[in-house]
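Report on the structure given below.
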Amino acid sequence: MNTAVLRRTAAISAVAAAFVLAVASPAAAHVTVNPSTATQGGYTKVSFRVPNESDTASTTKLEVSLPAESPIGSVSIKPVPGWTAVAEKTKLTTPVEVHGSPLTEAVSKITWTAAKDSEIKPGTFQEFDVSLGPLPETDQLVFKALQTYSDGNIVRWIDEPTTDGTEPELPAPVLKLTAAGAEATSPSTAAVVPVAEESSDDTSSGSSAWGIAGLVAGLAGLILGLLAYRKAAQKP
51 MNTAVLRRTA
61 AISAVAAAFV
71 LAVASPAAAH
81 VTVNPSTATQ
91 GGYTKVSFRV
101 PNESDTASTT
111 KLEVSLPAES
121 PIGSVSIKPV
131 PGWTAVAEKT
141 KLTTPVEVHG
151 SPLTEAVSKI
161 TWTAAKDSEI
171 KPGTFQEFDV
181 SLGPLPETDQ
191 LVFKALQTYS
201 DGNIVRWIDE
211 PTTDGTEPEL
221 PAPVLKLTAA
231 GAEATSPSTA
241 AVVPVAEESS
251 DDTSSGSSAW
261 GIAGLVAGLA
271 GLILGLLAYR
281 KAAQKP
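Counting in our numbering, the sequence shown runs from 51 upward without gaps.
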């Protein structure tokens with residue numbers, strides 16, 4: 051038996067396996083807001099999706115801060131069985147007009163706390179629905195969130211979007227806002243939308259293609275290693 055061939059076979063197999071894992075491994079889950087887009091001046095229902103990322107602890111509390119610089123006049127919380135929701139209001143330094151009436155205070159934070167046995171267990175997630183409106187005339191709303199675990203660990207999803215498009219380490223949930231009627235009045239919208247959808251499909255297809263390529267590479271490495279081992283074993 052050729053020891054050098056065996057070592058080479060093991061090395062090829064290890065590299066192939068590592069490549070497969072690197073390609074197929076999913077990105078870490080974040081606290082997100084869904085859907086991620088809405089219309090300025092309108093109303094929308096969003097869900098704050100909270101995955102549990104710990105293998106040993108459960109999520110017991112979620113705190114979501116609403117941007118003070120872009121107050122929202124109406125904030126309604128959908129009850130979640132086993133969870134208590136508390137909305138905190140803050141007086142506005144400069145009142146804003148909502149439907150013809152001055153708004154002097156607005157919800158600045160929502161805290162959801164789990165009752166016993168209602169925590170988000172490892173390997174599961176929960177969604178917290180909120181109705182918002184009218185949405186301010188701004189490009190985006192950044193909802194900084196704190197996720198508390200039963201072991202006392204707190205994950206701070208508070209990093210704002212970067213200017214270069216890269217994802218920060220602990221990204222805050224972001225709701226993108228578009229101008230009302232922008233799609234109907236923009237002459238280039240009809241051409242842009244299919245391209246965006248196609249780009250999304252291409253991204254998905256590209257990810258699948260890379261995953262298949264990784265699996266093929268891994269199988270090829272194993273086959274080459276076995277052939278090399280067989281050839282070495284046949285030598286006197």
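Just so it is clear, CB atoms sit at the ideal spot from N, CA and C, and this is done for glycine as well. Small disclaimer: the values here were computed from a predicted structure and weren't measured.
Would the beta-carbon of residue i fall within 8 Å of that of residue j?
i      : j      : result
LEU182 : ILE122 : yes
LYS139 : SER120 : no
LEU185 : ALA88  : yes
ASP179 : SER97  : yes
THR110 : ALA164 : yes
GLU219 : SER200 : no
HIS80  : TRP162 : no
PRO172 : SER108 : yes
ILE225 : LEU191 : For the record, residue 225 in the displayed sequence is Leu; it is not Ile. Yes, the Cβ-Cβ distance between LEU225 and LEU191 is below 8 Å.
With DSSP collapsed to three states, give me the class of residue i.
i      : result
TYR93  : coil
GLU210 : coil
VAL81  : coil
GLU187 : coil
GLU147 : strand
LEU220 : coil
ALA230 : coil
THR174 : coil
GLU155 : strand
SER181 : strand
THR140 : strand
Checking contacts by CB at 8 Å: is residue i closer than that to chain D?
i     : result
GLY91 : The chain inventory of the structure shown lacks chain D, comprising one protein chain alone.
Quick one: using the 10 Å Cβ neighbour count with 16 as the cut-off for buried, is residue i buried or exposed?
i      : result
ARG223 : The sequence given here places Pro at residue 223; Arg does not occur at that position. Buried, by the Cβ-count rule.
LYS194 : buried
GLU187 : exposed
ILE160 : buried
GLU113 : buried
SER151 : exposed
ASN203 : exposed
THR82  : buried
GLU217 : exposed
For residue i, which of the options has the nearest alpha-carbon?
i      : options                        : result
SER115 : ASN203, VAL148, GLU210, THR106 : GLU210
GLY231 : GLY92, ASP167, PRO85           : GLY92
ASP189 : ALA165, SER104, THR228         : THR228
ALA137 : LYS171, ASP201, PRO145, SER124 : SER124
THR144 : GLU155, ALA135, GLY150, ILE208 : GLU155
ASP105 : ALA135, PHE175, PRO129         : PHE175
PRO129 : GLU177, GLY173, GLU217         : GLU177
GLU103 : THR134, THR213, THR198, GLY215 : THR198
THR134 : GLU147, VAL148, LYS166         : LYS166
GLN90  : GLY132, PRO221, VAL148         : VAL148
What residue range does the beta strand (DSSP E) around residue i cover?
i      : result
GLU113 : 109 to 115
ALA118 : No beta strand (DSSP E) contains ALA118, which DSSP labels as neither H nor E.
THR332 : Residue 332 lies beyond the residue range present for the chain, which begins at 51 and ends at 286; the question has no answer from this structure.
SER126 : 124 to 127
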